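First up is the structure itself, then whatever we jot down about it.
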């Protein structure tokens with residue numbers, strides 16, 4: 906069962922995010938959230954659980970709260 910953007914889609918989104926500036930990451934995240942909130946939140950949860958984008962989402966021990974509607 907694929908979660909979020911699927912097995913390879915999750916990884917591709919993480920790689921794409923790592924190439925962006927912080928401001929561009931916010932724009933990208935808002936776009937993902939607007940396109941498909943369910944997939945986005947599954948992906949975000951996976952990123953936090955596995956500490957994939959700690960500077961943006963935080964870590965499993967210390968997640969960063971984000972209000973996607975205000976990005």
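Residue numbers (the working numbering): 906 to 976.
Think of the CB as a built atom: it goes at the ideal place given N, C-alpha and C, for glycine as much as any other residue.
Keep in mind it's a predicted model, so treat the numbers as computed, not measured.
Original post:
Hey, quick one: how far does the alpha helix (DSSP H) through residue 929 stretch, first residue to last?
Top reply: Here the alpha helix (DSSP H) through residue 929 covers 927-940.
Original post:
Counting along the chain, where does the alpha helix (DSSP H) carrying residue 960 start and finish?
Top reply: Per DSSP, residue 960 belongs to the alpha helix (DSSP H) from 959-962.
Original post:
Since residue 961 contacts residue 922 with CB under 8 angstroms, what's their CB separation in whole angstroms?
Top reply: Residue 961 to residue 922, Cβ: 7 angstroms. Contact.
**OP:** Determine which residues share a DSSP beta bridge with residue 970 and list them.
**Re:** Answer is none; residue 970 lacks a bridge partner.
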